[in-house]
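Protein sequence lines correspond, in order, to chains U and L. Numbering-wise, the numbering used here puts 30 at position 30 of the first sequence, and it's gapless, one number per residue. Numbering-wise, the numbering used here puts 117 at position 17 of the second sequence, and it's gapless, one number per residue. Built from N, CA and C at the ideal position, the CB exists for glycine as well. Being a predicted model, the structure only gives us computed values, none of them experimental.
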Amino acid sequence: MIIVVSLLIILMLISAIAALIFKDLISAVIAACMVSLIASILFYFLHAPDVAMAEASIGAALVTVIFIIAIRRTKRHEE
Amino acid sequence: MSETIILIFSAIIALGIFLSFLRMLLGPTASDRAVAVDTITTTVVALLVLLGFVFKRYVYLDVSLVYSVLAFVGLVALARFLEKGI
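Given below as structure tokens:
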């Protein structure tokens, strides 16, 4: 089980760095969605299913939708 | 025997997550990345159900239900943006 948790933490770190690097802001939002998705799985591994549920609803769905609406109002590509 | 089966299932799910994650990193367009994240979400729901079976607490299945429904909402918003709608 510790191997799976370590692998998930490494994937979370890589996708967080990717969210910083991407110039296309939609891709950056998708990478940030990936970060909160993996954080939700890690809360699940720590036996906190209610925190995992809140993280999945707020991080993966609500923040993504709000960011997409904000990008829709402004520009898509970073200069 | 049950331990072996759970280990094999976990290895297959981890391989699927890793390959989809490579597509999420390398994908040339945003649509590729969106489809890759959707695939990862579906695979992770399978992982959560398997872990709920391993931990022997069936309340944990609710997490996977909420997870799949809300990831669908996010993907619908993303798809509508890519079609210039929203």
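Can you check whether the C-beta of residue 177 of chain L is within less than 8 Å of a C-beta belonging to chain U? At least one chain U Cβ lies under 8 Å of residue 177 of chain L.
What residues of chain L sit near residue 74 of chain U, judged by a beta carbon separation below 7 Å? Those do not exist, as residue 74 of chain U stays about 13 Å from chain L at its closest Cβ, beyond 7 Å.
Leaving out the 5 sequence neighbours to the left and right, which residues in its chain are closer than 7 Å to residue 67 of chain U when beta-carbon positions are compared? 29
Could you name the residues of the segment 113–137 of chain L whose beta carbon sits closer than 7 Å to any beta carbon of chain U, in the order they occur along the chain? Correct list: 114, 121, 124, 125, 130, 133, 134, 137.
With which residues is residue 24 of chain U paired in a DSSP beta bridge? U:77
Straight-line CA distance for residue 125 of chain L to residue 138 of chain L? 14 Å
Please classify residue 131 of chain L as buried or exposed, where buried requires at least 16 neighbouring CB atoms within 10 angstroms. Exposed, because fewer than 16 other Cβ atoms sit within 10 Å of the Cβ of residue 131 of chain L.
For residue 9 of chain U, would you say it is in contact with chain A, using Cβ-to-Cβ distances shorter than 8 Å as the test? The structure shown contains no chain A; the protein chains it does contain are U and L.
Supposed close pair residue 171 of chain L, residue 70 of chain U - CB separation, criterion 8 Å: With 8 Å as the limit, residue 171 of chain L and residue 70 of chain U do not qualify as a contact, their Cβ atoms being about 20 Å apart.
Looking at the secondary structure, which residues open and close the alpha helix (DSSP H) in which residue 180 of chain L lies? 161–182
Give me, in chain order, the residues of the same chain whose beta-carbon lies closer than 7 Å to that of residue 167 of chain L; leave out the 5 immediate sequence neighbours on both sides. Answer for residue 167 of chain L: 145, 148, listed in chain order.
Please classify residue 46 of chain U: does DSSP put it in a helix, a strand, or coil? coil
Check whether the Cβ atoms of residue 52 of chain U and residue 36 of chain U sit closer than 8 Å, and answer yes or no. Against a cut-off of 8 Å, the Cβ pair of residue 36 of chain U and residue 52 of chain U comes out as no contact.
Should residue 143 of chain L and residue 174 of chain L be called a contact, given that it needs their Cβ atoms to be closer than 8 Å? no
Taking only beta-carbon atoms, is residue 46 of chain U less than 8 Å away from chain L? At a cut-off of 8 Å between C-beta atoms, residue 46 of chain U does not count as an interface residue with respect to chain L.
If you measure from the beta carbon of residue 110 of chain L to each beta carbon in chain U, is any gap under 8 Å? Interface with chain U (8 Å Cβ-Cβ cutoff): residue 110 of chain L is included.
Would you say residue 6 of chain U lies against chain L (beta-carbon separation less than 8 Å)? Output row for residue 6 of chain U: interface = no.
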